[in-house]
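Numbered continuously in the working numbering, the sequence shown closes out at residue 1326. Beta carbons: idealized from backbone N, C-alpha and C, even for Gly. Report on the following structure.
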Amino acid sequence: MSSLFPTAKSDPELVPFRPGLIFAFFNALAWQIGIGTPMVLFAEQLGASPFQVGLAYSFVFVLTPVQIVSTALLPRYGFKAVMLGGWRTRSVFLGVPAVLAGYALGGGERTWMVPALIWSVFFFCLFRSIGAASGISWFYAIIPERLRGRYFASDQFVSAIAGVGTLLVCAGLFALLPVYWALLAQYGIALAGSTVSYFSLRKLPDAARPTSISLRTVLQDTPRLLWQRSPFRTYAWLAVACAALATPIPPFAAYYLKVVPQLSTGRIMLFEVMRYLGVMVAAWVIRRRIDITGARPFFLLALGVYALVSAYWWWFLENGFGGIAGVSVSYFLLGLGAATWAIANLNYLPTVISAEERTLAVAVHGAVTACIGGLSPVLWGFFLKGSDGAVRGFNTGVFQWFFVSVFVGAAALSTFIARLPEAKGHSVDPILIGNAILRPFRAMTYLANLVELRPTRKADRK
């Protein structure tokens, strides 16, 4: 494992920040399981309805405003205390699903288990949002400017290794063990990862307590940013629309594959590996080209990929076209499209906001996009329940209409995106948010904070 992280020989400048990379590695074990597809499959196994699955999946998005409010804690308690408090408390709620899996092993499913799982996800995401108010800003404050590019590149690398490894281990556990034994083992891994990541955070130095934009200023200026005619307003609402289209696809695709064709949980996890590979391909290829071509062509590419995925899934639901191979390709394309949009967003967003409003505008964009987009799985969950009234039922006809809406929405958005103003060659400071690129559906949540970063010391720029 030592080769994954900087050493005194390989990169002595990054060695002081090695605990941050260890945090990124082990934190991936926790979020891949706690709020990813294993959680969706666990909920289905317990008997959750599509609405309940959509609700649990949405918490990480709809609680984003908590992240903005929690920024007010930073001037009083500091970066380190806020993030450690959030991460320490969220770990407690990873233990609840482990207990539920243990109970189910002995006595089977009980009606109270689904609400217990949903509430555990809610509190996990709540305290994650509080801690995340500190995360990226803390790393910016302690990492010298000249090292940030290398640090965040390393962050992406170790998170990718941990993320893919976690998905493969989960697939193997589902294939080799009875389902509740597999889930018990997975949540044990998540708890271990969360614990190690917490103690790694403790080793990082704190930074000077920041100043943050007051909540009064947020309440006064947010309506102006969102409703006054400007390039920012136009783009923000287009991003909201895209999030509403795309966010429901991963949870409901996994739920459908488990309930209707009754594919094994291990196979569904392998589809998730394909999605993650698509994310990594996009992160590797696109970031090398976007500075030359601009962001707009990649927005259009992402929407085209979403349209292609939705067309395929409509046809697959109609007659099973493509089978396992087709679904695998669609998952790869889904990851590719999501990461393409996320990377283009991080490059385009700074061009439509002024330097003096950058902190607030970025936070508003992230919070509104994540929150409204995150409500989409909840709303679709109402309509996807089986027409026969069964709790676990799934309305395939409505699911086809969902993909029709994605196709039509992607086509409509493309016409507006194609008219977005973009001046290629215009120099702006990029938005760097580390391994959030590898979590493209949740990347917006990392933009939601009101911290005003202090200027980097001149010595750090040399």
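Residue environment: P1241 is assigned as buried (16 or more neighbouring CB atoms within 10 Å of its CB, all protein chains considered). Cβ-Cβ distances below 7 Å link L1032 to V1137 in the same chain, with the five nearest sequence neighbours on each side left out; the list follows chain order. By the neighbour-count definition (other C-beta atoms within 10 Å, threshold 16), V1272 is an exposed residue. Here L1068 really is in contact with G884; their C-beta atoms are around 6 Å apart, less than 8 Å.
Here DSSP, grouped into helix, strand and coil, assigns S1278 to helix. When DSSP reads this structure, F1258 sits in a beta bridge with K1249. Considering only Y1044, A1005, E908, the residue with the shortest C-alpha distance to A965 is Y1044.
When beta bridges are read from the DSSP output, E1316 appears opposite T1075. Put simply, the backbone Cα of S1128 is about 22 Å away from that of G1245. Two segments are said to touch when three or more pairs of C-beta atoms, one from each, lie closer than 8 Å; by this definition the segment 1220–1239 does not touch the segment 1195–1203. By the neighbour-count criterion, in which 16 or more other beta carbons inside 10 Å mark a residue as buried, T871 falls on the exposed side. CA-to-CA, the gap between G1036 and G1130 works out to about 6 Å. P1304 places its beta carbon less than 8 Å from that of A1202. Our two residues, T1309 and S993, have alpha carbons roughly 8 Å apart in a direct line.
Of A1110, A1072, M1133, the smallest CA-CA separation from Y1004 is found for A1072.
For F1038, the enclosing alpha helix (DSSP H) starts and ends at 1009–1040. The three-state reading of DSSP puts F869 in coil, since its state is none of H, G, I, E or B. By the Cβ rule, the segment 949–963 does not count as touching the segment 1097–1105, because fewer than three pairs are nearer than 8 Å. Between the segment 1111–1118 and the segment 914–929 there are three or more C-beta pairs closer than 8 Å, enough to call the two in contact. In this structure, L969 places its C-beta atom within 8 Å of the C-beta atom of L1048. When secondary structure is reduced to three states using DSSP, F1305 falls in the helix class.
The straight-line gap separating the alpha-carbon atoms of V930 and L990 is approximately 7 Å. For the 8 Å CB-CB criterion, G1168 and F1180 do not form a contact. Within the segment 1154–1233, no run of beta strand (DSSP E) reaches 3 residues while sitting entirely inside it. Around N1183, the same chain offers no residue with a beta carbon nearer than 6 Å, after the five sequence neighbours per side are excluded. In the three-state scheme derived from DSSP, where H, G and I count as helix and E and B as strand, I994 is classed as helix. Under the 8 Å Cβ criterion, the segment 876–892 counts as touching the segment 1018–1025, having at least three qualifying pairs. By the 16-neighbour rule on beta-carbons within 10 angstroms, I1207 is buried. Around the beta carbon of P961, a 10 Å sphere encloses 16 or more other beta carbons of the protein chains shown; the residue is thus reported as buried. Between T928 and A1312 a beta carbon distance of about 5 Å is seen, short of the 8 Å cut, so the two are scored as contacting. Separation of Y1015 and P880 (C-alpha to C-alpha, rounded to the nearest whole angstrom) is 11 Å. DSSP places P1112 outside any alpha helix (DSSP H), giving it a letter other than H or E. In the structure shown, the three-state DSSP call for I1297 is coil. Look at E908 here: in three-state DSSP terms it is helix. The C-alpha of M1133 lies about 10 Å from the C-alpha of T1030.
Inclusion of L1243 and V1262 in the CB contact set at 8 Å is not warranted, their separation being larger than that value.
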